[in-house]
Structure formats: C-alpha cells, structure tokens
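As structure tokens, the structure follows; a few thoughts come after it.
Residue numbers (the numbering used here): 108 to 577.
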C-alpha cells in the first residue's frame, strides 16, 4: 500500500489506494472508517509531535457502549505527554458476543497498524469497567498485544491465560470499588502464572482513576519496554519517575495511609528493579512494615476482607434464591443488610467505611446484572423484574425510576395495592413530576382511581382527576 505524507501545521495527509485521509495531530479525530468495511468506524488521537519517520506506542481503548471519543478523552493528556497514539472503536458493545467484539477489534487493529508506523512491541489495550474487563480477553485472541491497562475491572477469565502467551497487566482500582477484592484475586492469579503485573490503588470508588494514575500506568509500560531493550533506556526519565513515586510514598505515609504507601513501594520494586538499584526501597519498605501503624492497618484490612468475602457470598446466594422464587418476604432482610452497611459507612475506622462502600456497590451491581439478564430473556419474567426494582428502592431510595417501574409492573400484575404503596413511597422521597406520574406505562386504569389521585393530591397539592367523596 502506497503512502504519501504531506506535513501540515497541525496534521498530515495519508494517501492510500483509492482514498485520501486527513489526520490532525493533537486532536481526537472521530468516525474514521475501518478498512474494507462500510459501517465500522473508530476514533484516533495522534500526539502533536507525531511523525511518520519513527515508530510509536499505541493504546487501544475500549468502551462497551461505543463511546470512543469519550474514552480517548480520558487518556488524551497523558498520551500527549508521553507520546502514545490512541485508538478506539465506535462499535464494541456489551450486547454483542465476545467473538463479534474480537472481530471488530481485529479489523480496527489491522487498519491502524497498516496506516501508521506503530511499534509492534508496544501495542497495549485498556479501558474502564466492562471495557477494561473486555481488554483482558483481547491478548488471548489478537496477536501482538503486549500489555493491558484495566481500570476498575479484574481479568475476565483466568482460564484462558497461558504462560505461552504472557502479557503485562497494569490494574488501577479504587479502595472503595466493589471490584477491589476481585482485583486482589487477579493480582494473586497473575503472580502464580508469572505474568508481569502491577496493581495501583487510589482513593475512590468505581470510577476513572485520577489522571496521575493513568500517567503512571503508561510510564510503567514505557519503563518495562526499556527494561526489555525494546526502547532506548532514558536514565533521566527513569530517575525522574523514581523520585516522583518516592515523594508520593512519603506523602501517603505522613498522611496516615500506610497500606497505600506499602502498595506503591511494592510496585516500585517491580518496576524499577530491572532499571536501577532498589536497595533503599527495600529498606524503606521493611521499616514501614515494622511500624505499629502499618501492622494495625494490615490486621484490620485482613479482617475486613475476610468479612467482605463472606458477606458477598451471602448476598449472591440470597439474590439468586430471591429472584428465582419471587421472595418478597425477604425484602425486609435486604433492608436490614443496607442498615448494617450504613453503620459500616459511618464507622470511625476508614477501612471499615471503605468495606461498607464496596459492599453497597456490590449489591447494586448484583441487582444491575440480574436486571440485564432478565430483560434479555424472551419472554421477560415480569415478576422477577418487579422484585428487583423493589430491591432497588431499598438500595438506592432516591432512584425515582425504580419506584416508577414497580408501580408499572405491579399494575401489570393486577396488584394495585402494591402500586399505590410505592406511589406514596416515591412521593415521600420528594418526587414532584406530576406529568410523569400520569404517563407511567400500563397504569391507565390505576391513575383514574380515587386512591391514586388522593395520594397525588396529598403530596403535590393537585391531582389530574378530581377526588369525589360520596
């Protein structure tokens, strides 16, 4: 394939067989067409110093809702600083099978590496949540992927991993993320398989990591390439990052966060060990671990993680049983569990508070996963959906949509009493959209009843239909 490069102020033109493509540097270019397809497109980001005369590392970012431009936007700053090309498909989706998503990725992959001078030993994939989880599968099916950057998601299936096809895994997770405990399990599994890996823990929940953590992750990939001899070793770059991380360890320790300080020291030993002496790091970590603060925090964390594992098993078992049997009588048990988690979240021990946050998010995720599975069935189990939406009102009382769904599904099940109960509970939460109340699906008969309008009038001062008392 012939290429003609014409340098522009902010970009360049690539002329390929039967087509010309204008690419700008320093901006995210959306809707580029995947080669040999009509419908598939992707987004691309080229750092401003990009040139065709040298090869470049690339990070393929996955968003399973096809929001490629948003996904690249999260990495744009660090990619610009560190000279990474970014690419993301507009068509990967969690509604498609793994095989279809892999084919979409393969076609985009082939298109990008045929257009641009990509360093074949520095091809990485990553994403957040479902995108991160999917990215852990890609190296098993697409040749040439050297590393995975997974934010808030463990390896999807450790059974497909093999020592014959290792890759470098960098995980980023918040200490209040419901996937935190699964990320710890992933780290242990990768250690057993002798996969190079780092797990960077930040303060937060199930969310995109702070920009400095995304930056640290790409730097880890770069320094690993230096250690393997695939990139010229830059002593100043290595030393600068070493001192930056060491200063961060100091801030964590003086800020009363010895577990986070220990985590970072451990990852530093792995990253910098092949590149510079680390004897002082080992001594610092040994001193930290001998301290009373670290031992107290570690003991508390170990106890919390053990309790968390047991509670997660209880929640998963109860959820499956309750959904399958429409066990409305157990909603009181779930309410009690949420009250207990609220106590955890108000505990004086920060580690207990984090556990409470993780467990609440875990239950919320269980509900979301079950809703997705049931809504994907044919026919849909209306009663199971109704139970889950009721449970949702207990987990997140301010989720107005959950109440509206219960009102709709209960009416479909001819349970007007339950529908009216949840109508009043919804209004007690401060809901004020009168028009939407009178447009809830499947409630045409319910909303003209005196009982419905009396409740609306009581909380919103005015109902659509007059309440006539005889």
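By construction, the Cβ of each residue, glycine as well, lies at the ideal position given by its N, Cα and C atoms. Remember, predicted model here, so these are calculated numbers, not experimental data.
Under the criterion of beta carbons closer than 8 angstroms, residue 242 and residue 230 do not qualify as touching, at roughly 12 angstroms. The alpha carbon of residue 268 has as its nearest neighbour, out of 296, 260, 291 and 565, the alpha carbon of 296. Here residue 283 really is in contact with residue 464; their C-beta atoms are around 4 angstroms apart, less than 8 angstroms.
In the DSSP assignment, residue 493 falls within the unbroken alpha helix (DSSP H) covering 489-502. One Cα belongs to residue 405, the other to residue 366, and the distance between them is close to 7 angstroms. Taking 8 angstroms as the cut-off, the beta carbon of residue 185 is found no closer than this to the beta carbon of residue 153.
Residue range 163-169 is occupied by the beta strand (DSSP E) that includes residue 164.
The criterion of a C-beta distance shorter than 8 angstroms is not satisfied by residue 386 and residue 371. By the neighbour-count criterion, in which 16 or more other beta carbons inside 10 Å mark a residue as buried, residue 467 falls on the buried side. Excluding residues up to 5 positions away in sequence, 516, 519 and 520 lie with their Cβ nearer than 7 angstroms to the Cβ of residue 489 in the same chain. DSSP places residue 547 outside both helix and strand once states are collapsed to three, so it counts as coil.
Within the segment 222-307, the runs of alpha helix (DSSP H) that reach at least 4 residues and sit entirely inside it are, in chain order, 237-242, 245-248 and 287-300. Burial check for residue 158: the Cβ neighbour count within 10 Å stays below 16, so the residue is exposed. Linking residue 244 to residue 538 through their CA atoms gives a straight-line distance of about 43 angstroms. For the pair residue 278 and residue 261, the Cα-to-Cα distance works out to about 8 angstroms. Residue 322 sits buried, since 16 or more C-beta atoms from the chains shown fall within 10 Å of its C-beta. The C-beta distance from residue 497 to residue 513 rounds to 5 angstroms, short enough to fall under 8 angstroms. DSSP places residue 194 inside the beta strand (DSSP E), whose first and last residues are 192-196. If you look at residue 152, you'll find it in the beta strand (DSSP E) that goes 148-152.
When secondary structure is reduced to three states using DSSP, residue 449 falls in the helix class.
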